[in-house]
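Numbering (UniProt numbering), first residue to last: 1 to 280. What follows is a short report on a single structure.
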């Protein structure tokens, strides 16, 4: 069993919100994550829903700002929010930019030096972290869903599309859906994966959905006042890809909403319900 270091725990909606760290073999570093255990988990194993956060975020942002615990308690879902990258690895330059390195792991397995020694976020999210959660918390391991915001929306879509048996449901807030064709994605992919764009396709949701499809409807909320909408997010690219393979997609444009957690908290109830229907 993986040894967890408890950072802090709090009672919340009759459940427990905790922040933890552990030594990650995958990322070769100390990794942190947050878990909300709904009250039902005290009596029986419950489904688990992973949330992947965006650029510059930590394991705290979602749990502090999204207002999700109330709905997770109502539906009996455990929430898990990992950090967005390894930290303090000693890699030169890891703290030089806000959109690459620390806080910007992009949920890929880096193949380029020097990042490959620590930045294995895809394998961490899909393999190591679920094993740690199963070892230490009362979950139904066969009932997992995943969602995320921005860079984390990208990560959630990629993880779900590539691992449809593992994830019964997926949704996203303002996701980066065509990273091969936006500045954030190009910077991250060239740095972590090298310049061969064939290797980038494995982490581009719009490319993956055309190849693999997904077994369930995908929910995406996107604010129309999001300053990153046209240059970085490009939801229309993913919509076209889904249409081309008859993939059910519920893409909702929310008038006047931006890229912030005020947007997320406004629609979090719908997303928790989307996953609860699939997981319960």
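Note that the Cβ used here is the ideal one computed from N, Cα and C, for glycine as well. Predicted model only: the values in this text are computed from it and were never measured.
Paired residues, beta bridge with residue 246 - DSSP: Beta-bridge pairing links residue 246 to no other residue.
Assigned secondary structure, residue 59 (DSSP; H/G/I helix, E/B strand, else coil): coil
task: Identify every run of the alpha helix (DSSP H) within the segment 104-190, keeping only runs that are complete inside it and at least 4 residues long; order them along the chain.
output: 129-136, 151-162
task: Report back the beta-carbon spacing between residue 155 and residue 49 to the nearest angstrom; my notes put them in contact at under 8 Å.
output: With 8 Å as the limit, residue 155 and residue 49 do not qualify as a contact, their Cβ atoms being about 14 Å apart.
message: Any contact between the segment 217-226 and the segment 260-274? By contact I mean 3 or more CB pairs, one from each, below 8 Å.
response: yes
Integer Cβ distance of residue 5 from residue 137, believed to fall under 8 Å: In fact, because the Cβ distance is near 15 Å, the residues do not count as touching under 8 Å.
message: Using 8 Å for Cβ pairs, my map puts residue 150 next to residue 54. What's the rounded Cβ distance?
response: 3 Å
query: Curious, which full-length beta strand (DSSP E) runs of at least 3 residues does the segment 21-104 contain?
result: 29-37, 46-52, 78-82
task: Taking the CB atoms as reference points, tell me whether residue 235 and residue 220 lie closer together than 8 Å.
output: yes
task: Return helix, strand or coil for residue 216, following the three-state DSSP convention.
output: coil
task: Could you tell me whether the segment 272-279 touches the segment 156-163, where touching means 3 or more Cβ pairs closer than 8 Å?
output: no
Three-state secondary structure assigned by DSSP to residue 238: helix
message: Tell me the residue span of the beta strand (DSSP E) that contains residue 201.
response: Careful: residue 201 lies outside any beta strand (DSSP E) and carries neither H nor E.
- prompt: If you follow the alpha helix (DSSP H) that residue 266 is part of, which residue opens it and which one closes it?
  reply: 261-279
- prompt: If we call anything under 8 Å between Cβ atoms a contact, is residue 80 one with residue 33?
  reply: yes
task: In the DSSP assignment, find the unbroken beta strand (DSSP E) run with residue 9 in it and report its ends.
output: 5-12
query: Which same chain residues, not among the five before or five after residue 59, have their C-beta less than 7 Å away from its C-beta?
result: 19, 32, 33, 34, 81, 82, 83
query: Exposed or buried, residue 43, counting other C-beta atoms within 10 Å across all chains shown (16 or more means buried)?
result: exposed
task: Return the CA-CA distance between residue 212 and residue 140, expressed in angstroms with no decimal places.
output: 26 Å
message: According to DSSP, simplified to helix, strand and coil, what is residue 192?
response: helix
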